[in-house]
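A.B. asks: Sharing a structure, written as structure tokens. Questions coming.
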Amino acid sequence: MSTAASLLSQVDAGVARITLNRPQQRNALDIPTLRGLIELLDAHEADPGVRVVVLTGTGRSFCAGADLAEWADAEARGQLETYGWTEMAHRLMGRLHGLSKPTLAAINGTAVGAGMDLALCCDFRIAAQSARFKAGYTAMAYSPDAGASWHLPRLIGVEQAKRLLFLDEPWSAERALAAGLVGEVCADAELPQAVDRFAARLAVGPTFAFAQTKALIREGATRSLAEQLAAEQAAGLLCGRSEDAAEALRAVAEKRAPHFSGR
Numbered sequence: 019m020s021t022a023a024s025l026l027s028q029v030d031a032g033v034a035r036i037t038l039n040r041p042q043q044r045n046a047l048d049i050p051t052l053r054g055l056i057e058l059l060d061a062h063e064a065d066p067g068v069r070v071v072v073l074t075g076t077g078r079s080f081c082a083g084a085d086l087a088e089w090a091d092a093e094a095r096g097q098l099e100t101y102g103w104t105e106m107a108h109r110l111m112g113r114l115h116g117l118s119k120p121t122l123a124a125i126n127g128t129a130v131g132a133g134m135d136l137a138l139c140c141d142f143r144i145a146a147q148s149a150r151f152k153a154g155y156t157a158m159a160y161s162p163d164a165g166a167s168w169h170l171p172r173l174i175g176v177e178q179a180k181r182l183l184f185l186d187e188p189w190s191a192e193r194a195l196a197a198g199l200v201g202e203v204c205a206d207a208e209l210p211q212a213v214d215r216f217a218a219r220l221a222v223g224p225t226f227a228f229a230q231t232k233a234l235i236r237e238g239a240t241r242s243l244a245e246q247l248a249a250e251q252a253a254g255l256l257c258g259r260s261e262d263a264a265e266a267l268r269a270v271a272e273k274r275a276p277h278f279s280g281r
């Protein structure tokens, strides 16, 4: 498996950690990095040993969004609309959002533009106290192009989404927490431990049931209640046939904690 040199990846105790590793560029997303992230997500999705995926950055930034140097080079060549960044970014956002396994963004610093959108695509977000969030699009006279207009209204409501997108104000971690943009904020030095604890809880859980739950939530927005109830019934039947469900019943009978395998 080939991945970008700008990425680090390791798997430990069921937790895959992907680290954006371009600190000099504030972990900006160029095309090789986008492609490498997709390759890693594909590999982790297919690996039964991976039960949770954590995404974070090296240095003081989580991700600065699109690589403006690559953007400027494409514009100088007259290829700004055709060099492929948007299409690759959309592939990545769709892949991350659609991953069957739980995903967690460990937001270690500034998250701007598509970098913020990358965090929004994850199931859970834990931010360091120094983290900052900025849409970045209108500052460049652009509208959102990596999913912010879809995720933000669902997470924080329409008016707050418009405030963040129109005014392009930097939001502190505490403001992001109050608005519902992130689920937890901790001291910078405590971020790795907080993320490890949360990821470990997910990794020992019934990940097959997590996958069904993710799909129900993801697809439920476009269904009627009757359709969603039918989908819940179908998902419940699949869960009921899983090894994890059988293990849960045994654990109840034997008065012990279950040991879930994700199958």
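Using this note's numbering, read the sequence shown as starting at 19 and increasing by one per residue. C-beta atoms are modelled at their ideal positions from N, C-alpha and C, and glycine is treated no differently. On a predicted model such as this, the values are computed, not experimentally measured, just so you know.
Under a Cβ-count criterion, where at least 16 other Cβ atoms within 10 Å of its own Cβ denotes burial, should V176 be classed as buried or exposed?
C.D. replies: In the sequence shown, residue 176 corresponds to position 158, counting from 1. Answer is exposed; the Cβ neighbour count stays below 16.
A.B. asks: If you measure between the beta carbons of A159 and A191, is that distance less than 8 Å?
C.D. replies: Your numbering for residue 159 matches position 141 in the sequence shown. Your numbering for residue 191 matches position 173 in the sequence shown. No; because the gap between Cβ atoms is not below 8 Å, this pair is not in contact.
A.B. asks: In three-state DSSP terms, what is K232?
C.D. replies: Reading the sequence shown from its first residue, position 214 is the one you call residue 232. Correct three-state label for K232: helix.
A.B. asks: Just to check my reading of the structure: G198 and I174 have Cβ atoms closer than 8 Å, yes? What is that Cβ distance to the nearest angstrom?
C.D. replies: The residue you call residue 198 lines up with position 180 of the sequence shown. The residue you call residue 174 lines up with position 156 of the sequence shown. At roughly 5 Å, the Cβ-Cβ gap stays under 8 Å, so G198 and I174 are in contact.
A.B. asks: For A263, collect the residues of the same chain with a Cβ closer than 6 Å to its Cβ; drop the 5 residues on either side in sequence, then sort them by chain order.
C.D. replies: Position 245 of the sequence shown, counting from 1, holds the residue named residue 263. So the qualifying residues of the chain are C257.
A.B. asks: Indicate whether A123 and L73 have their beta-carbon atoms separated by less than 8 Å.
C.D. replies: Taking the sequence shown and counting its residues from 1, the one referred to as residue 123 is at position 105. Taking the sequence shown and counting its residues from 1, the one referred to as residue 73 is at position 55. Contact flag set, yes.
A.B. asks: What's the call for S161, buried or exposed, on a 16-neighbour Cβ count within 10 Å?
C.D. replies: Position 143 of the sequence shown, counted from the first residue, corresponds to residue 161. Exposed, by the Cβ-count rule.
A.B. asks: Could you pull out every residue in the same chain whose Cβ sits closer than 6 Å to the Cβ of L136, ignoring the five residues on either side in sequence?
C.D. replies: Position 118 of the sequence shown holds residue 136. Taken in chain order, the residues that qualify are C81.
A.B. asks: Among G67, P188, R172, F151, which residue has its Cα nearest to the Cα of T240?
C.D. replies: Numbered from its first residue, the sequence shown carries residue 240 at position 222. Ranking G67, P188, R172, F151 by Cα distance to T240 puts R172 first.
A.B. asks: In the DSSP output, what is I49 paired with across the bridge?
C.D. replies: Position 31 of the sequence shown, counted from the start, is the residue given in the question as residue 49. DSSP output for I49 lists no bridge partner at all.
A.B. asks: Let me know if V70 comes out buried or exposed under the rule of 16 or more other beta-carbons within 10 Å of its beta-carbon.
C.D. replies: In the sequence shown, the residue the question calls residue 70 occupies position 52. By the 10 Å Cβ count, V70 comes out buried.
A.B. asks: Using a Cβ-Cβ cut-off of 7 Å (strictly less than) and excluding sequence neighbours within five positions of V68, which residues of its own chain qualify?
C.D. replies: Locating residue 68 in the sequence shown gives position 50, where the first residue counts as 1. Excluding residues within five positions, the ones whose Cβ falls inside 7 Å are V29, G32, A34, H62, K119.
A.B. asks: So if DSSP puts S27 in a beta bridge, which residue, or which two residues, is it bridged to?
C.D. replies: Here residue 27 corresponds to residue number 9 of the sequence shown, with the count starting at 1. Bridge partners of S27: I36.
A.B. asks: Count the other C-beta atoms from every protein chain shown that fall within 10 angstroms of the C-beta of T128, then say buried if there are 16 or more, exposed otherwise.
C.D. replies: By one-based count along the sequence shown, residue 128 stands at place 110. Buried, since its Cβ has 16 or more Cβ neighbours within 10 Å.
A.B. asks: For L52, which residues of its own chain have a beta-carbon under 7 Å away from its beta-carbon, when the five flanking residues on both sides are left out?
C.D. replies: Residue 52 sits at position 34 when you count from the first residue of the sequence shown. Closer than 7 Å at Cβ, skipping near neighbours: M106, A107, L110.
A.B. asks: Does DSSP put C81 in a helix, in a strand, or in coil?
C.D. replies: The residue you call residue 81 lines up with position 63 of the sequence shown. In the structure shown, C81 sits in a strand (DSSP, three-state: E or B).
A.B. asks: For the stretch 100-160, which segments carrying the alpha helix (DSSP H) assignment without a break, of at least 4 residues, lie completely within its bounds, in sequence order?
C.D. replies: You should have 103-116, 132-138.
A.B. asks: Measuring only the C-alpha atoms, how far is G154 from L209?
C.D. replies: Here residue 154 corresponds to residue number 136 of the sequence shown, with the count starting at 1. Here residue 209 corresponds to residue number 191 of the sequence shown, with the count starting at 1. Each residue's Cα considered, the two are about 25 Å apart.
A.B. asks: Closer than 8 Å, CB to CB, is A275 near chain E or not?
C.D. replies: The structure shown contains no chain E; it is built from a single protein chain.
A.B. asks: Note down the Cα distance separating P41 from L138, rounded to an integer number of angstroms.
C.D. replies: For the purposes of this step, residue 41 is taken as residue 23 along the sequence shown, with counting starting at 1. For the purposes of this step, residue 138 is taken as residue 120 along the sequence shown, with counting starting at 1. So the alpha carbons of these two residues sit roughly 21 Å apart.
A.B. asks: In whole angstroms, give me the CA-to-CA distance for L25 and D206.
C.D. replies: Locating residue 25 in the sequence shown gives position 7, counting from the first residue. Locating residue 206 in the sequence shown gives position 188, counting from the first residue. So the two alpha carbons sit approximately 22 Å from each other.
A.B. asks: Would you report the Cα separation of K180 and E265, rounded to the nearest angstrom?
C.D. replies: To locate residue 180, count along the sequence shown from 1; it is residue 162. To locate residue 265, count along the sequence shown from 1; it is residue 247. Between K180 and E265, the C-alpha separation is close to 46 Å.
A.B. asks: Quick check on the burial criterion: 16 or more other C-beta atoms within 10 angstroms. Buried or exposed for Q97?
C.D. replies: Here residue 97 refers to the residue found at position 79 when the sequence shown is read from its first residue. Exposed is the call here.
A.B. asks: Hey, out of T225, S260, N39, whose CA is closest to P66's CA?
C.D. replies: Taking the first residue of the sequence shown as 1, we reach residue 66 at position 48. If we check each option's Cα against that of P66, T225 comes out closest.
A.B. asks: Quick check on the DSSP output: the alpha helix (DSSP H) that includes L256 runs from which residue to which?
C.D. replies: To locate residue 256, count along the sequence shown from 1; it is residue 238. Per DSSP, L256 belongs to the alpha helix (DSSP H) from 243-258.
A.B. asks: Classify R274: buried if its beta carbon has 16 or more other beta carbons within 10 angstroms, exposed otherwise.
C.D. replies: Here residue 274 corresponds to residue number 256 of the sequence shown, with the count starting at 1. It is exposed - the Cβ of R274 has fewer than 16 other Cβ atoms within 10 Å.
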